[in-house]
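Report on the following structure.
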Amino acid sequence: MTVRAGATALLKCEVLRASGTVQWVKDGLLLGPQRLLPGYPRYSMTGEQQKGQYHLQIRDVTLEDDASYEC
1 MTVRAGATAL LKCEVLRASG TVQWVKDGLL LGPQRLLPGY PRYSMTGEQQ KGQYHLQIRD
61 VTLEDDASYE C
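With the first letter of the sequence shown counted as 1, position 8 gets the number 8 in the UniProt record's numbering; the numbers rise by one all the way through.
Pasting the structure below:
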C-alpha cells in the first residue's frame, strides 16, 4: 500500500470466528487490543467488531509508519 505523507491509511482486516483477542502487529511489536492504541495517538482500530472488522487507521502518515503490519 502506498500513502502520501499527511494522508490517512486504512489497513483492512476481517476475522471470522475469532477465538481470541484480535490485535495489530507493527514490525513484530504488538500494538494492543484496544480501539484507541496507547502510545500511538494517530492509530486506531475501526470497523464493526460484531462483523469481524478490525481495520487499522493511521492518521497523518509519516515515514515512521513505513513498516510491516499484521492483523
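In this text, a Cβ means the ideal position worked out from N, Cα and C, and glycines have one as well.
For a cut-off of 8 Å, the C-beta gap from T21 to I58 is around 20 Å, too long to register as a contact. DSSP places K51 within a helical segment (H, G or I) once states are collapsed to three. Between the alpha carbons of R4 and A67 lies a gap of roughly 14 Å.
For a cut-off of 8 Å, the C-beta gap from K12 to H55 is around 5 Å, short enough to register as a contact.
CA-CA distance, Y40 to G6, rounds to 16 Å. Under the three-state reduction of DSSP output, L63 falls in the helix class. Taking 8 Å as the cut-off, the Cβ atoms of G52 and L16 count as close.
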